[in-house]
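Let me begin by presenting the structure, written as structure tokens, before commenting on it.
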Amino acid sequence: MDKLTKDTVLNALKPVAHALARTVEDLVSSVAIEGGNVGLVIDFKDRPPQNPDDVRIDVEEIIKNLDGVFEASVVMTAARAAAPKPANPPEMKPAGKSEIPAPSPIEGVKNIIAVGSGKGGVGKSTTAINIAIALSEQGLSVGVLDADIFGPSLPKLLGIEGTKPQSKDGKIIPVEVMGLKVMSIGLMLANDDPIIWRGPQVMRATGQLLSDVAWGTLDVLVVDLPPGTGDVQLTLVQKVPLTGAIIVSTPQDLALIDARKGLQMFRKVGTPIIGIIENMSFFTCPKCGEQSDIFGHGGARDAAIDLGADFLGEIPLHMSVRAGSDAGNPVVRAAPLSKHAAIYNDIAEKIAGKLDV
Ligand code: ADP
């Protein structure tokens, strides 16, 4: 039997790559082989196919059929384009020196934290929702606002697609699920609505999601931002006082460069940085527990030190994280006693320590 190598895996996946009009090197960003377990990352970059899950099923099937393979773990990511830059960006002035009206708090909401990332597909939404659930399980009352109006994913992550929020006295009532109060533009739109919004619409929609929702009393509102530094981020920092921002990044250099930009944007407007989280930090073999650094582990920790920001923790690339997201049951809730839930809980504790509750 031939030894199972990275080349064997890549060769076997060539037909899948070619069917997507790409080279296999372009499509498969990382391969890890531990014993008979293969983990790989498919990176669709800015060209995700219509049915990414079909691709994953094909890839898993092909890998499992290779000699010497017991298990295949496939994670897909796509570098969704960052939100468009504002056409006429209002000048980002340091906090306190702006002529724009000062941000005003949302009544009843003690803390607002923003979760951002430099680019899409780094696992920002997955991280935001698991942390929100962890905060809630630590006894805080938590709301989640999916402000990623270009690609709202919270309804899917929480298994509430198709739920229509009610309204009362001119305010939208957030949907209550898994102990959280949740609002997403994705709950207001029909599934196949194309979201082609321009700057002013984006700003208006974001403003409404902040001010027209009856959040009630919350210890913390977690805002899941679109990737990059665009209109939503601008509106947020202008409209409401943020307790702080969290940046999620994979260890890859490119993501880190983008993440640094995101962090600098918050610094420039005087938003405190709560810290940086490294996601897809390393791959743990599901059978033997062996750890391999398929993305070059530790980049975000180094960047955090370099930037004088706190490093909040590292989350491994693991099937249970992806499976939980896909099934609408995030891992912190689906497997509360798992190692992965413990990592999110630990990060949530660090964040809670920085809140004013
Ligand atoms: P973003 O919000 O940055 O665009 P998502 O949270 O939608 O990213 O995650 C992109 C994909 O990566 C999803 O399929 C998600 O399930 C998966 N994913 C995120 N974090 C992990 C992880 N730590 N391990 C495995 N899969 C992950």
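If you want my numbering, it's the position in the sequence shown, counting the first as 1, plus 34. Cβ atoms here follow ideal geometry from the backbone N, Cα and C, with glycine treated the same way. Keep in mind that this is a model prediction, so the values were computed, not measured.
| Item | Value |
| --- | --- |
| CB of I146 within 7 angstroms of CB of L276, strictly | yes |
| Alpha-carbon spacing of D265 relative to I183, whole angstroms | 11 angstroms |
| Three-state class that DSSP yields for P350 in the structure shown | strand |
| Segment limits, alpha helix (DSSP H) that includes N145 | First-last for N145: 143-150, but that is the beta strand (DSSP E), not the alpha helix (DSSP H). |
| Unbroken alpha helix (DSSP H) run spanning S170, endpoints | 158-171 |
| The segment 168-186 in contact with the segment 336-354 per 3-pair CB rule at 8 angstroms | no |
| Assigned secondary structure, P128 (DSSP; H/G/I helix, E/B strand, else coil) | Legend: pLDDT at P128 = 47, less than 50; position of this residue unreliable, no value from coordinates given. |
| Any non-hydrogen atom of the ligand ADP closer than 6 angstroms to T160 Cβ | yes |
| V65 - containing beta strand (DSSP E), residue span | 62-68 |
| Backbone secondary structure at T39 - three-state DSSP | coil |
| Contact test: T305 Cβ vs the ligand ADP heavy atom, cutoff 6 angstroms | no |
| Proximity test, R356 beta-carbon vs the ligand ADP heavy atom, cut-off 6 angstroms | yes |
| Check: T263 C-beta below 6 angstroms from any heavy atom of the ligand ADP | no |
| Outcome for T57 when other beta-carbon atoms lying within 10 angstroms are tallied against a minimum of 16 | exposed |
| Same chain only: Cβ atoms within 7 angstroms of G220, ignoring 5 sequence neighbours per side | D180, P186, L188, P189 |
| contact_flag[the segment 294-308, the segment 78-86] where n(CB pairs < 8 angstroms) is 3 or more | no |
| For F300: DSSP bridge partner residues | Beta-bridge pairing links F300 to no other residue. |
| Boundaries of the alpha helix (DSSP H) in which N71 is found, first to last residue | Careful: N71 lies outside any alpha helix (DSSP H), inside the beta strand (DSSP E) at 71-77. |
| Enclosing beta strand (DSSP E) for V274 [first to last residue] | Unbroken run through V274: none, as it is neither H nor E. |
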